[in-house]
Amino acid sequence: MLGNTVIPDLLQSIIQWEKDIAPEVPYLDTPTGFYLTFNENDNGGYRCSPVDSIMFAGTGYDGIRDFFRLHFFGHEGLLLLDFESKEEYMHYLQSQDDAQASEHFDREKWDRQRAIVREEAVKAFNLEPIEDGFAYVQELQAQRKTDRVLKTADGLGIVPLGEREETKVYIPHPWRRIDLSDVNLNDLKAFVHNAEMETLLAFIRDCQSQYFNHSEVMQLLYNRLDQYGFHLEAKRLLYCMDVS
Numbered sequence: 001m002l003g004n005t006v007i008p009d010l011l012q013s014i015i016q017w018e019k020d021i022a023p024e025v026p027y028l029d030t031p032t033g034f035y036l037t038f039n040e041n042d043n044g045g046y047r048c049s050p051v052d053s054i055m056f057a058g059t060g061y062d063g064i065r066d067f068f069r070l071h072f073f074g075h076e077g078l079l080l081l082d083f084e085s086k087e088e089y090m091h092y093l094q095s096q097d098d099a100q101a102s103e104h105f106d107r108e109k110w111d112r113q114r115a116i117v118r119e120e121a122v123k124a125f126n127l128e129p130i131e132d133g134f135a136y137v138q139e140l141q142a143q144r145k146t147d148r149v150l151k152t153a154d155g156l157g158i159v160p161l162g163e164r165e166e167t168k169v170y171i172p173h174p175w176r177r178i179d180l181s182d183v184n185l186n187d188l189k190a191f192v193h194n195a196e197m198e199t200l201l202a203f204i205r206d207c208q209s210q211y212f213n214h215s216e217v218m219q220l221l222y223n224r225l226d227q228y229g230f231h232l233e234a235k236r237l238l239y240c241m242d243v244s
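Numbering (UniProt numbering), first residue to last: 1 to 244.
Rendered as structure tokens:
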């Protein structure tokens, strides 16, 4: 049990709102298209889930408000996949339309009820439209690259824990392109004991990318996170990496 995970206000409101609006859109499996849930006592994640994220729909995504804005305004494909170009994204959208073409599927009814959900969600939660979802995601990704001070294998990167110090050098961990299972255990343990926190966080993300869950190393990482004040994140790391 992780415990002490507080449900975001927006998520709590949307879960209740979805129950209220469901009778108006019976052709949809659920109004949002997701099976929203939140368990305050056992809110873990996948092995790749950032340790400061929460699980609310089994999706693996971050950012509650932007998540729902992209979804309600028809850009849910951008939550599922990465696209190299807008042309590739538009081709994906067309392929999705083609896949839904079926004599057993009433697309017009589905579109009408999706429009009802979108309009009601905009009114209920003051969600601003995103006209060009691809451009919006590109802007977010560009901003993340600007803000991050260390790279990680998954592309997410690490941002400073406090105000960014322009003169500070943020040192990457020494095994960014190396299989961590090949690294000497004593070297790994010494690194975890002494690394700067941003460097340690980058190392944790790369451990998750490789699913490197050596129990001794994970326990040391737990201790460092906990000592720094990241109590819940420390617990979630062990949960996500399946370390008992």
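Think of the CB as a built atom: it goes at the ideal place given N, C-alpha and C, for glycine as much as any other residue. Model, not experiment: these values are computed from the prediction.
Euclidean distance between Cα positions of residue i and residue j
{"i": "His214", "j": "Glu198", "result": "21 Å"}
{"i": "Phe191", "j": "Leu80", "result": "35 Å"}
{"i": "Tyr89", "j": "Gln227", "result": "44 Å"}
{"i": "Asp9", "j": "Phe73", "result": "21 Å"}
{"i": "Thr30", "j": "Asp132", "result": "25 Å"}
{"i": "Leu70", "j": "Gln96", "result": "16 Å"}
{"i": "Glu87", "j": "His75", "result": "14 Å"}
{"i": "Phe125", "j": "Lys19", "result": "15 Å"}
{"i": "Leu238", "j": "Asp111", "result": "42 Å"}
{"i": "Tyr61", "j": "Leu185", "result": "Caution applies to Tyr61, whose pLDDT of 43 falls short of 50 and renders its modelled position unreliable; the value that the coordinates give is listed next. Between Tyr61 and Leu185, the C-alpha separation is close to 32 Å."}
{"i": "His91", "j": "Asp82", "result": "13 Å"}
{"i": "Phe212", "j": "Lys109", "result": "47 Å"}
{"i": "Glu119", "j": "Val169", "result": "48 Å"}
{"i": "Phe105", "j": "Phe38", "result": "31 Å"}
{"i": "Gly229", "j": "Val159", "result": "17 Å"}
{"i": "Asn194", "j": "Tyr222", "result": "14 Å"}
Cβ-Cβ distance between residue i and residue j below 9 Å
{"i": "Thr152", "j": "Ala202", "result": "yes"}
{"i": "Arg224", "j": "Leu127", "result": "no"}
{"i": "Ile7", "j": "Thr32", "result": "no"}
{"i": "Arg148", "j": "Leu156", "result": "yes"}
{"i": "Arg236", "j": "Val25", "result": "no"}
{"i": "Ala121", "j": "Phe68", "result": "yes"}
{"i": "His173", "j": "Leu200", "result": "yes"}
Element boundaries [alpha helix (DSSP H), containing residue i]
{"i": "Leu27", "result": "The sequence shown places Tyr at residue 27, rather than the Leu named in the question. Tyr27 -> no alpha helix (DSSP H), and no H or E assigned at all."}
{"i": "Ser215", "result": "215 to 228"}
{"i": "Ile7", "result": "Element bounds for Ile7: n/a, residue is neither H nor E."}
{"i": "Glu76", "result": "That residue, Glu76, is in no alpha helix (DSSP H); it is neither H nor E in DSSP."}
{"i": "Trp110", "result": "107 to 125"}
Expected contact under 8 Å - CB spacing of residue i and residue j to nearest Å
{"i": "Val137", "j": "Leu188", "result": "Not really, about 35 Å apart at Cβ, beyond 8 Å."}
{"i": "Met218", "j": "Val183", "result": "Rounded, the Cβ-Cβ distance is 14 Å, inconsistent with contact."}
{"i": "Glu196", "j": "Ile171", "result": "7 Å"}
{"i": "Leu28", "j": "Gln143", "result": "Going by Cβ atoms, the distance from Leu28 to Gln143 rounds to 33 Å, so no, they are not a contact pair."}
Own chain partners of residue i with C-beta closer than 7 Å, once the 5 adjacent residues on each side are dropped
{"i": "Arg107", "result": "Gln100"}
Cβ shell of residue i (< 8 Å), same chain only, five flanking positions each side left out
{"i": "Ser209", "result": "Cys48, Thr152, Ala153, Asp154"}
Contact set for residue i: own chain, Cβ-Cβ below 6 Å, skip 5 residues either direction
{"i": "Trp17", "result": "Ala124"}
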